[in-house]
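K.L.:
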Amino acid sequence: MANLASNKWYLWYLREVANGHLELPDYEENEDGSVKIYYGELFCRVPDCSKAQKKYTATNNLRTHLESHEDIELQEGNNGGRVAQKVVDEAVKWYKGLFSGIEPQAGGERSISVDSSAGQSASGLPPLPVKKDGSVHVTNMRKKVVEFGRKVPCDSCANRNDCCKDIDKCDHFVHFDCGEIHPTLAPSQPTTEEGTA
Ligand SMILES: [Zn+2]
Ligand SMILES: [Zn+2]
């Protein structure tokens, strides 16, 4: 679904889990005891899974992997077919909630793993233009962004002056290999502890 594949929070999720910067919250359970898997999820969230940083090529492949975990119950999904917009919206909200772009909800443990090896540039993305002090070189970044055929300001930045400055807000950072610069993680992971939905 184009809607999700181009969402910057989803793209950050894919990147920041794979590079070890973002540790995902544990699964919530559905009413029937099965684990809740959001639309588009590609990483296993079973605590201490050795494959935690492995990005599966599709959610169905993740489901296949999850079946190898003894304690995990999967919901019989309506695999394939059209996905309701509601389902996508809910997923986007969850991905966004992993980062600080959303008000953190109460509860949940902060779990951040800092991995010093996370700066690899195996991403195939152009490096983020930075100044000597390591901060973003705004002028050069905007130049690149325009070269990529994208607009300044982006949809998330109100005006040109604000764009390409804040990785937590601006849409354009995700198109670069940002090295040691990461979007801020949510101070507490959102957890929903509802018995009934
Ligand atoms: Zn696993
Ligand atoms: Zn921007």
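Going by full-length UniProt numbering, the sequence shown opens with residue 1, and the numbers climb by one from there.
Just so you know, even glycine gets a beta-carbon here, dropped at the ideal spot from N, CA and C.
Could you have a look at V92 and say whether DSSP puts it in helix, strand or coil?
P.N.:
Looking up residue 92 in the sequence shown gives position 92. In this structure, V92 counts as helix in the three-state DSSP scheme.
K.L.:
Return the residue from the list N3, L74, A18 and L22 that minimises the CA-CA distance to D32.
P.N.:
Translated into the one-based positions of the sequence shown, residue 32 becomes position 32. Of the listed residues, the one whose Cα sits closest to D32 is L74.
K.L.:
Determine whether the beta carbon atoms of C154 and V145 lie at a separation below 9 Å.
P.N.:
Mapped onto the sequence shown, residue 154 falls at position 154. Mapped onto the sequence shown, residue 145 falls at position 145. The answer is yes: Cβ separation under 9 Å.
K.L.:
Do you know whose CA, among L42, E67 and K51, lies nearest T57's CA?
P.N.:
Here residue 57 corresponds to residue number 57 of the sequence shown, with the count starting at 1. With distances taken between Cα atoms, T57 lies closest to L42.
K.L.:
With burial defined as no fewer than 16 other Cβ atoms inside 10 Å of the residue's Cβ, what is the status of D171: buried or exposed?
P.N.:
Along the sequence shown, read from residue 1 onward, the residue named residue 171 stands at position 171. Buried, by the Cβ-count rule.
K.L.:
Let me know if residue 209 comes out buried or exposed under the rule of 16 or more other beta-carbons within 10 Å of its beta-carbon.
P.N.:
Here the chain covers residues 1 to 197 and nothing more, so residue 209 does not appear.
K.L.:
Name the one or two DSSP bridge partners that P127 has.
P.N.:
Stepping through the sequence shown from its first residue, residue 127 is reached at position 127. In the DSSP output, where bridge partners are listed per residue, P127 has D177.
K.L.:
For A91, does the count of other Cβ atoms within 10 angstroms reach 16, so buried, or fall short, so exposed?
P.N.:
As a position in the sequence shown, residue 91 is number 91, starting the count at 1. Buried, since its Cβ has 16 or more Cβ neighbours within 10 Å.
K.L.:
Sorted by chain position, which residues of the same chain lie with C-beta nearer than 8 Å to L14's C-beta, five sequence neighbours on each side aside?
P.N.:
Position 14 of the sequence shown holds residue 14. Closer than 8 Å at Cβ, skipping near neighbours: L42 and K55.
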